[in-house]
Each structure stands twice: as structure tokens, then as C-alpha cells.
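Residue numbers (this note's numbering), protein chains in the order written: chain A, 1 to 103; chain B, 104 to 206; chain C, 207 to 687; chain D, 688 to 1168. No residue lacks a Cβ here, since even glycine has one placed at the ideal position from N, Cα and C. Below is one structure, written out as C-alpha cells; comments come after it.
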Amino acid sequence: MQELLEKIALYQDYVYIVILMIFLGIEVIGRVPSVLHTPLMSGANAIHGVVIIGAIIVMGKADPNNIPALVIGFLAVILGTLNVVGGFVVTDRMLEMFRHKKK
Amino acid sequence: MQELLEKIALYQDYVYIVILMIFLGIEVIGRVPSVLHTPLMSGANAIHGVVIIGAIIVMGKADPNNIPALVIGFLAVILGTLNVVGGFVVTDRMLEMFRHKKK
Amino acid sequence: MLLTILYLLASVSFILGLKLLSNPATARRGNLIAAGGMALAIVGTIFLYRQEDGAPLGNYGWIFGGLIIGSVVGTLAAKKVQMTAMPEMVSLFNGMGGACAALISITEFNQLAHHLHQPHEIAIGDIFPGSSAYQQWMGESLIILAGLIIGSVSFSGSMIAWGKLNGKIRDFSFKGQHLFNIVLLLVIIGLASWIIGVHENANSTVFYMIFILSLLYGVFFVLPIGGADMPVVISLLNSFTGVAAACGGFLYHNKAMLTGGILVGAAGTLLTILMCKAMNRSLLNVLIGSFGGAAAAGGVQKAQGSFKEISVSDTAILLSYAQRVMIVPGYGLAVAQAQHVCHELERLLTDKGVDVKYAIHPVAGRMPGHMNVLLAEADVDYDKLLEMEAANELFSHTDVVLVLGANDVVNPAAKTDAASPIYGMPILEVELAKNCIVNKRSMKPGYAGIENDLFFRPKTSMLFGDAKKVLESLCAEIKTL
Amino acid sequence: MLLTILYLLASVSFILGLKLLSNPATARRGNLIAAGGMALAIVGTIFLYRQEDGAPLGNYGWIFGGLIIGSVVGTLAAKKVQMTAMPEMVSLFNGMGGACAALISITEFNQLAHHLHQPHEIAIGDIFPGSSAYQQWMGESLIILAGLIIGSVSFSGSMIAWGKLNGKIRDFSFKGQHLFNIVLLLVIIGLASWIIGVHENANSTVFYMIFILSLLYGVFFVLPIGGADMPVVISLLNSFTGVAAACGGFLYHNKAMLTGGILVGAAGTLLTILMCKAMNRSLLNVLIGSFGGAAAAGGVQKAQGSFKEISVSDTAILLSYAQRVMIVPGYGLAVAQAQHVCHELERLLTDKGVDVKYAIHPVAGRMPGHMNVLLAEADVDYDKLLEMEAANELFSHTDVVLVLGANDVVNPAAKTDAASPIYGMPILEVELAKNCIVNKRSMKPGYAGIENDLFFRPKTSMLFGDAKKVLESLCAEIKTL
Ligand SMILES: NC(=O)c1ccc[n+]([C@@H]2O[C@H](COP(=O)([O-])OP(=O)(O)OC[C@H]3O[C@@H](n4cnc5c(N)ncnc54)[C@H](OP(=O)(O)O)[C@@H]3O)[C@@H](O)[C@H]2O)c1
Ligand SMILES: NC(=O)c1ccc[n+]([C@@H]2O[C@H](COP(=O)([O-])OP(=O)(O)OC[C@H]3O[C@@H](n4cnc5c(N)ncnc54)[C@H](OP(=O)(O)O)[C@@H]3O)[C@@H](O)[C@H]2O)c1
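See the structure below:
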């Protein structure tokens, strides 16, 4: 317990940001109409592709002589990119379907 | 400009928290019905009474021989408390008026 | 360290509280939750806060003294205030908060100036990792000054608003006031940046000058704004105080102050805009007060066409034999403090088998929800209050509409006359009813300062006099029937 | 430092994007904004990121190689995928994200273990102000393991979901599977905490064991869940991946990753719950898959009462001479890929002066908005699609309702039978219409696995056969009339 308290106090900025983001995540999509559920899911899916940043860092840090590291990093970058690019493109295509909604 | 960028980078945690709070503040009351405007205003008014914390710190730090400091601090505490206590009580009274809304 | 957690809880409670506050069903709970969080933060600060040197806070006597005095006075004031005087109260409390922030800045500035002359102490309270003494000075003095200026403006402004609402102060503006205000503001900013830049000799005279000027600015900022717009202004100043509190948060790296302050700053600003929307005006339009001005001009407009009057006794008969009566309360009813008589009238009619309802316009009166509060004070059954939409559907099936001291909210110009300042504002469409009886003291216009066609419509008949007196005699008449 | 700003912008763009995404009018813009923010973050990282020793990133060849391959493949896949296969796609991409997170964890773990054997290096990458080497180990390994476990589960889970959606994998569960899953999870957690605790010898075999077990868990987590519930499951795994990404954010103190990840984690979870609500089920109920089980059982229920069939030609006549026809599309229409024929039928009837509309139930089909997507693909005019509420008002003025492969969404049990699993779900009240023609291949139940009274109502007549074939012959008939 004590331990935990200390940690929280130590990383309070992180704790705050996390908590606020949770609130925001909930508030922001609170009133989404059910017809938009799928595009929203797909959009969110694209956003967590931000993990690609980590992949890039790993790749960029890897020791050029350490083949396995390079391969893993390379894979990570490809997969991450798939998530990001594919995600956003698919979402956009879905939303095209709802374009008339604007009317 | 450069200056500014540096500052932002330096205090990024604060910047983040501030920005997120702004988003939250807006999201959270986005759909308030106009009949609740006054109680909401009053409630928010009570919340910014949190400034009392600063007053308490000032008061508690003040050098017991420094009369002016003591007086100012004392004043600050009283005013801050007025804001907090008065604010919440008034809000509660207003909301009593709307109790039937629950029906 | 436990304190950090308490502050965290406080921040969360503020967010939750505000969220719940914006929904009628949960509003009250929201208020309590926020209050609880606040209590945690305060108690925590008193007992767990440690100074840079690890020492706990001192002067407990003073602290508790202040807390107790504040609580007692605050509670009493809040408890005994008249429902309809509540916006004043809010304004007053808001001012207190602003003043508190300003006082904090004053003390901290002296501290800072003091430190400057013992260089070795500079590190103390250095809030920004890796920033040199100079940067520290810049940072802290910037925050302190921001807190001072915003806090003072919010304080003096709120005081004026308060004075206006309880009629102690009347609207006042001179030619070129807006220009004057802008200049004043620029001077304040100029002086502030001077202090921030030249830190060799922290000149406290300049500091106090800024203090005074800020107070002045607050006064001149609010003075010209139409008294009826005070709710909007208060909401604005409210968000100012929020920002001022946030400055304190930066100064002490106190996340509770920071989050609470910013939260109110943002929400308050949005709320202000929403309020203006509800009266369909722009914030700018409110601040420049052009509207308040129009009110004066409005009186001059000559009445077009003719209107017919109706006597109390005729009214009594008309009401007693109606099947459905709708009462449209407005600002006038509040001014006349006639809510209780009004409630009696309603009861009398109901006993006679008349179906009586109240049609509540969202911006009737002078603060949002004014009419709900007013009638609730007279114990009018909540189910008898109809929101605007519901009411508008019922009017066509209504025999008599009784307009009590309402004007703008029943002004057809909002629908018909694109030139009118209230054009576009949704109104109560009382013309749909068979008869419409309007009670007011004269043909004078209302808040918006514009003529009201309704009074000249064939279906409409005017019942002049103070709402309270009229209603009393009306009740007497009905009893005799 | 400029990079920090870019990340800040990215975070903001994510929040804004998600906000806009949840409103039909702005959704598309929201998606683009988020994408823009993402681009900023990526480009920024590549060129501005500095390692602890201040060196820029290396291996540009590999990085760009990966980016290009990923982009090309991703774009092509996303462009050529069938509208109705989109949930599969999402699931696939989500899996990629999870895998990416897992791979990152693997690399970082090796790094960490490596550092441990050069104690002097420990300080490197120490992300927590003031934490000792031990605490650093605890902190970092905790984060790394979390990322590994969540990422892997999300990866394997998504793959199974993907397989199920495109029919490659069928539902599978064995007795006590839930117990098995729980045990598996406990084992994983146990091993993880062991690694975190005992940092003297970072045992990478155990680490890889955790990796494998997590993959397994993902598989067994999704396998037993009814294939039709995949949209819900995908949304859930989606939020998992979000959390995994957030772990990366902690590891690199990267606020963009942190905020983006948490945002998706929170929003995704809420979205999952909303989806369940729309089908009125609880998330737990979906996960335990009791419902999917019922589907099997449902088939057994014996039909009560008798139903009457109708021939294609009679249907053709009935439709042609109707004034208003409402088409109720359902999952079956999607399965039969009959949207184009359906559109043709609509056009034929319209030419005959029949007023044809589509009644869209929010959860018709197998993903939210499935029907909108399906019909939009066949260029059905958007104005012909009625939301459930609008449709329910119109049914009473409708001559013929044509139910095409829909079942649960028109099942009166939802209104009448409190025992039914779909009780309480709002439905399309087709019985209000004069006639109701239901096209499906058999009397088999639908997704919910329950009998549908509607088929036995006097007004209802069944038109058996595959939706596509039936509609084709129907169109042929109508042409001849
Ligand atoms: N609700 C809010 O939040 C808020 C805030 C600020 C402004 N406003 C504005 O205030 C207005 C509210 O409309 P409203 O119709 O309620 O009020 P109004 O338009 O201001 O009209 C009030 C009327 O009551 C009459 N009156 C005054 N004292 C009276 C008395 N003792 N007995 C009988 N009648 C009396 C006045 O006419 P006589 O002088 O001839 O008696 C006046 O015409 C709107 O324009 C709204 O935009 C609302
Ligand atoms: N929208 C979502 O987000 C979502 C997600 C998951 C689950 N669900 C659930 O899915 C259900 C959707 O209801 P629904 O009425 O659209 O579908 P349904 O209740 O699953 O019924 C589909 C019907 O179509 C018939 N069918 C299948 N293939 C056909 C073909 N080739 N030609 C003609 N008919 C065919 C089937 O009957 P035969 O076998 O006799 O032909 C089946 O009864 C709801 O229970 C909903 O809760 C929805």
C-alpha cells in the first residue's frame, strides 16, 4: 500500500494524464449513434497504431550488427504501419458510406 | 518563439494537464439544459474556491512576527473560505429548488 | 505524499462533480461530491503540507480562525439569502475568490523579491526543473502577476456586478469608454512585462500600481454593461477566478488548484457562451453593452395601433369560467414578489375546476431558471410547470393565457421581425390561445427595450398595475364569484 | 524539443479526431485530423528523436523500408476489401498493432536484461525521477511485461476473431473452458510477477514462456465466443491494444503514445459496452458466450402453430399494386449478397409508382451500421433509408412489408416475452402493416437462436429461398406484369 502511494506520488503527472485521458475517452464518445459504432471502432483502432512510434525508436536504436534485433524491429515497424495506414484508410472508406448523413 | 517552444517542452506535463482539463471542462458541461445554468455557474464558482489551499499555505508559511503578512494571509483564508463554503451551500440550496426534476 | 493522493481525489471529484451538476437528476449529488473533494484537499493541506525545509505549516491559530469565520459567515449568508437574490450571492462569493487569489500573489511577490536579495535562497521554491534563477524569476513573477491581475479584475468586477444586481449601482458609461478600457489594459500589461523583464530590482511600487490599475479595470469593465446582463458577466468573471486559482496551482505545483482552476476556467467560459446563446446574443454584444443601450432608446419608440384594456372583474370572470388557463410568468412577477399570490390564484382556479398550468420560458426573468426558482419558492407544484416546447403545443387548446410581467419572451417580433434584436429567440406563442391577458404596469418595453406587437393584437387585452396588487384584487374577486 | 510540441499536437489531434468521429456530420474530418496528427508524430520521431546519448536514430534504410511496405500493403488491403468484410479488416489491423506492441516489449526486455549486466549503464533509460536501480527494474519490467501480455493477447485474439468472421474458424469450446482460461491467466500473472520480483537474473526463458502463454490465452479467450459477437470482441481487443500502446508511452515517456493509447483504451471499452447495450446484452453475457450456446439449442425449439407460404408471382402482384412498400433488410441479405438485386427491385417498384422505403434496425446484420454499408454499396439513395423510430411510425400506413433475411430485429418476443433473451430490445414493428412477407431459407432461427412468432401471425406469409435467387425471380416477374 505504502509502496503504491509512493509510486503514485512519484509519477503523479503520469497518473493525472492517464486519469484525465480516461475521462476524456469516455466523455468524447459518450453520445455516438449506434450506426457510427463500426467507423468509430475502426478510427480508434487506427489511433492506437501510434504504437508505431515505439517500433521506430526500437528500430532506430538497434545495433546494425544485431540481426535478430534488426529483424524484430523491422517486423514491428511493418506491423505498426499496417495498423496506422490500414486503419485510417478503412475508416475513411467506411465513412464515405455515411457521407449522405450530412444532408 | 524558440524560447516558447523550450518552455513548453520543459513543462510539458503541465501543458498536457492544462490542455486536457480544458477539453474536459468543455466536454463535461456541453449538454447542460439552460434551466441549470445558474446552479452550474454557482457550483463552478465554489470549485474555484480551491484557491483557499494557496491561502492556507501562505498563512501557514508566514513569519509569526511579520504582522502585515499574517493579516494578509488571514484575510486570504477568510475570503477563500467564504468562496468555498458559501459557494457550495448556495448551490445546494438552488438545487433543492429543482429537486422535483428527478421525477 | 499521501497529500498528493488527496489532491488527486480532489481533482477527480471536481470533474465528476461538474459533470453531474450538468444533469438535473444528479446535480445535487454532483455538488456534494465536489464539496467532499474540496474538504479532503483543505484538511490534507493543513495537516500534511510540508514546506521546502520539510517543516509543517505554522500559525494554526490564524488558519483555523480564518476557516471558522469564513465558514460561519459563508453558511449564514448562503442560508438566509433570498432565492431570487442568489446571483448576487454568487457574484459576491466569486469576488471573494478573486480577492483571495490576488492576496496570495501579493504575499508571494514579497517573498520572491525577498529571496532575490539572498541569492543563495533562489533555488528555494524553484518550480521548474533545470531553469536558471533568471528563468525562475521570469516564470514565477509571470505567474504571480497573472494571478494578481486576473484575481483583482475578477474581484472588483464581481463587486460592481453585485452592486448592480441589488440595485445599489446603476449602469454608467462615458464616451470612448471601450477605448479607455483597452488602453488601461495595455498599460497594465506593459507594467507587468516590465517587472518580469527587469528582475534586478523587483520594484514593488510598480507591483502595487498594477494591483490598483487591475482593480480599476475590473470596475470599468463591468460598469457599462446592462444590469440585466449581470448573470452573463458573473459567469465570465467566474471563469476568470478559475484561471487565477490555476495560477496558484502553477506557483505551488498544486495539481488540485491547477486542475480545479482550469476546469472552472474552461467550463465557465463555455457556460458564458451558452447563456448568451439562450438569449440569442453574442458574448461580444453583451460586453460592449450595445443592447443595454438600446433599452433606453426602446422607450422612445411610439406605440403602433391601439390596444384594449380589461378590468380586474372581467378578468376574474374570464378566468373562472375557462377550462384551461396558462400563466406566463416573467421578470415583472419577480420584481413584484408576487409569486405567492400567483400560487393562490392558481389554487383558487383549480378549486373551480379550471386546469391551470405555468409556461416557463428558459430565459424568462434575469437569470436562467429564475422562474423555476421563483415559483418553487412559493411551493408551486413542479408538475404544473411546462417547458417552452410543451407549453407551445398546449396554447392552441387554451382558453386564457395570463401573462404576468413577461414581455420579451412573448414578443412575436422574435419570429417575424428579422430586424429585431431578439429575432430568432424561441418564444412562447401565446397568440395561439383564445384570449391573452397581459399584466404589466405600463406600455414600457422590457429588457430588450423593444415594442411588443402582442399588446396590440385583437386577442390581447392589457391589465395594468403592479403584478402583486393586481393579483391580490383578482383573487378577492374570484372568491366572491 | 520541437518533437515534444509535435507529440502534443498529435495528442490533441487524437482527442479532437475521436470527438468528431462520434458525430455523423463531422466523422470523416475527424478521421483525417487524427491521421494528420499521427503523420506529424511519425515524421517527427524519425528525424527529431534523440537517444540518451543525444545521437539521432539509425537504420533509416530499415525504418523507411518498413514504413513503405506497411503503407503499400495496408492501403491496398484497405482499398480492395469488401464493404461487408470491413470488421474482419479492422480485426486484422488491430492484431497487427498488438503484435507490434509485443515485439517492442521483447526488444526492450532484452535491452534491459543486457543493461543489468553492465550495472554502470543501469541509469540509462531510467524513466522515473529518483528511483533506484531496483525500482527502475521493477517499473520498467512491469511496463514491458504488461505491454507484452496485453499486446500478445490482443494479437492472437484478433486473429481468431478475424478467422471467425470470414468463416475460416468456427466456434469451439470444451467443458470448463472458462475455468481453464482463468487458470491460464493466473499462471501468466504469476510468472510475470516472478520476473518483476527476482531481478538478479532476468530469466528470458520465463519471459518467452509468458509470451507463448499470452498468445494461447488470446486464442482460448476468443474461441468460445459466438461468431456473431465478433464485432463486440474486436472492439474489446481494440481497447486492449490501446492499453498496450500506452505501456510503450510509459516506457519511452512518450506522451503521444501514452495519451493515444489510454484514449483508445477508455473509449474502446465504453464503445464495447455501448455495442452490447444496442443488442441489449451485457458484456459478460457476450464474453461467456452463453448466448452463442443458446443459438444451437434454439434450433431445437419446435415451431408453434402453423404458417402460410406465398409464391413469388403472388408476391410480385402484391408488391406491384401496393402504394407503400417497406423493405426490412437483415443479416440474410448480406449473406446472400443480394443488395444489388434488392436495389433493382426497389427501382422497378418505384417506376410502377410504388413508394418504397427501407427500414433500418440499428443492429440488423452483424456489425453496427451493417445495413447502411450494405445498401450504400448498392447505391441505394440514402433518403430511402429510415431509422427505426421513423420506420415504426410509417408501418401502420404501409401495405406490404418485405422482410429480407431479417429475423431477430422483427421478433415481437422482444416486446411481449420477458423470458426471451432479446426481451427489451427495440424492434421494427412490422405487424402494424397490412401484409408482411418474410423471405428466408427455412424456419431456422437467427442470431439469437429463438423462434419468431411473427412467422405464425395471420398477416405474415413466408417466401422461402435464398434472398438473392428469390429477389431475382421476383424482379423477373414484376417486369412481365
Ligand atoms: N433569464 C436569463 O438568464 C436572462 C438574463 C439576462 C437577461 N435576460 C433577458 O430578460 C428578458 C426576460 O424576459 P421577460 O419577459 O421575463 O422580462 P422582460 O422582457 O424584461 O419584461 C418584464 C416586464 O415586466 C414588467 N414589470 C416590471 N415590473 C413589474 C411589476 N412590478 N408588476 C408587473 N409588471 C412588471 C415590465 O413592464 P412595465 O415596466 O410596463 O411594468 C416589463 O415589460 C429576456 O429579454 C431575456 O433575454 C434573461
Ligand atoms: N448489428 C450488430 O452490431 C450485431 C452484432 C452482433 C450480433 N448482432 C445480432 O444479429 C442479429 C441481427 O438480426 P437480423 O434480423 O439482422 O439477423 P438474424 O436475426 O441473424 O436473422 C438472419 C436471418 O436471415 C436468414 N438468412 C440467412 N441466410 C440467408 C439467405 N442467404 N437468404 C435469405 N435468408 C437468409 C436466416 O434464416 P434462414 O437460415 O432460415 O435463412 C436468419 O433467420 C440481432 O440479434 C443482433 O443482436 C448484431
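> Who are the near neighbours of residue 1067(D) in its chain, counting only those whose CB is closer than 6 Å to its CB and skipping five residues on each side?
Replying inline: 1030
>> Check for me: the beta strand (DSSP E) holding residue 1046(D) runs from which residue to which?
In response: 1042–1047
> Comparing alpha-carbon positions, which option in 445(C), 282(C), 291(C), 231(C) lies nearest residue 361(C)?
Replying inline: 445(C)
>> Quick check: is any heavy atom of ligand 2 less than 6 Å from the C-beta of residue 569(C)?
In response: no
>> Comparing C-alpha positions only, which one of 910(D), 1019(D), 1111(D), 1072(D) sits nearest to residue 860(D)?
In response: 910(D)
> Apart from the five residues on each side of it in sequence, which residues of its chain come closer than 8 Å, Cβ to Cβ, to residue 891(D)?
Replying inline: 796, 797, 800
> Taking 7 Å as the CB-CB limit, is residue 2(A) close to chain C?
Replying inline: no
> For residue 1055(D), is the classification buried or exposed, using 16 other Cβ atoms within 10 angstroms of its Cβ as the cut-off for buried?
Replying inline: buried
>> Using a Cβ-based criterion (distance less than 6 Å to any ligand heavy atom), does residue 1095(D) qualify as near ligand 2?
In response: yes
>> Does the structure place the stretch 77–90 of chain A close enough to the stretch 654–662 of chain C that three or more beta carbon pairs sit under 8 Å?
In response: no
>> Is residue 1129(D) a contact residue of ligand 2, with contact defined as CB to any heavy atom under 6 Å?
In response: yes
> By the criterion of Cβ-Cβ separation under 8 Å, what are the contact partners of residue 119(B) in chain D?
Replying inline: 695, 698, 942, 946
> Residues in its own chain within less than 6 Å of residue 10(A) by CB, not counting five upstream and five downstream?
Replying inline: none
>> Is residue 112(B) close to chain D? Criterion is C-beta to C-beta, closer than 7 Å.
In response: yes
> DSSP state of residue 995(D), grouped into three classes?
Replying inline: strand
> Closest to residue 950(D) by CA distance: which of 6(A), 30(A), 5(A), 2(A) is it?
Replying inline: 30(A)
>> Following a CB-centred definition, is residue 773(D) positioned closer than 6 Å to any heavy atom of ligand 2?
In response: no
> So what does DSSP say about residue 715(D), is it helix, strand or coil?
Replying inline: helix
> To which residues of the same chain is residue 993(D) closer than 8 Å at the C-beta, ignoring the five residues directly before and after it?
Replying inline: 1143
>> Between the alpha carbons of residue 556(C) and residue 544(C), how many angstroms are there, rounded?
In response: 18 Å
>> Counting C-beta neighbours from all protein chains within 10 Å, is the total for residue 527(C) 16 or more, i.e. buried, or is it exposed?
In response: exposed
> Of all the residues that make up the stretch 16–40 of chain A, which are near chain C by a beta-carbon distance shorter than 7 Å?
Replying inline: 16, 19, 23
> When you compare each of 1021(D), 917(D), 1012(D) to residue 1046(D) by their alpha carbons, which one comes out closest?
Replying inline: 1012(D)
> In chain order, which continuous runs of the alpha helix (DSSP H) of length 4 or greater are located wholly inside the stretch 167–202 of chain B?
Replying inline: 170–184, 190–200
>> Please tell me whether residue 1162(D) has its Cβ less than 7 Å away from any Cβ of chain A.
In response: no
> Mind pulling the beta strand (DSSP E) runs of 3 or more residues that sit fully within the stretch 575–657 of chain C?
Replying inline: 591–593, 606–610, 641–646
> Candidates 46(A), 74(A), 44(A): which alpha carbon is nearest residue 58(A)'s?
Replying inline: 74(A)
>> Quick check on residue 715(D): buried or exposed, where buried means 16 or more other Cβ atoms within 10 Å of its Cβ?
In response: buried
> When DSSP builds the beta bridges, which residues end up paired with residue 530(C)?
Replying inline: 561(C)
>> To be precise: take each residue of the stretch 178–195 of chain B, compare its Cβ to all Cβ atoms of chain A, and keep it if any distance is under 9 Å. Which residues remain?
In response: none
> So, are the CB atoms of residue 757(D) and residue 82(A) less than 7 Å apart?
Replying inline: yes
> In chain C, what lies closer than 8 Å to residue 6(A) by C-beta?
Replying inline: 207
> Can the beta-carbon of residue 1048(D) be found closer than 7 Å to that of residue 1115(D)?
Replying inline: yes
> So which of 286(C), 214(C), 441(C), 554(C) has the shortest CA-CA distance to residue 167(C)?
Replying inline: The structure shown does not extend to residue 167(C), since chain C is modelled only from 207 through 687, so no value can be given for it.
> DSSP three-state call for residue 910(D): helix, strand or coil?
Replying inline: coil
>> Whole angstroms are fine: how far does the CA of residue 221(C) sit from the CA of residue 19(A)?
In response: 11 Å
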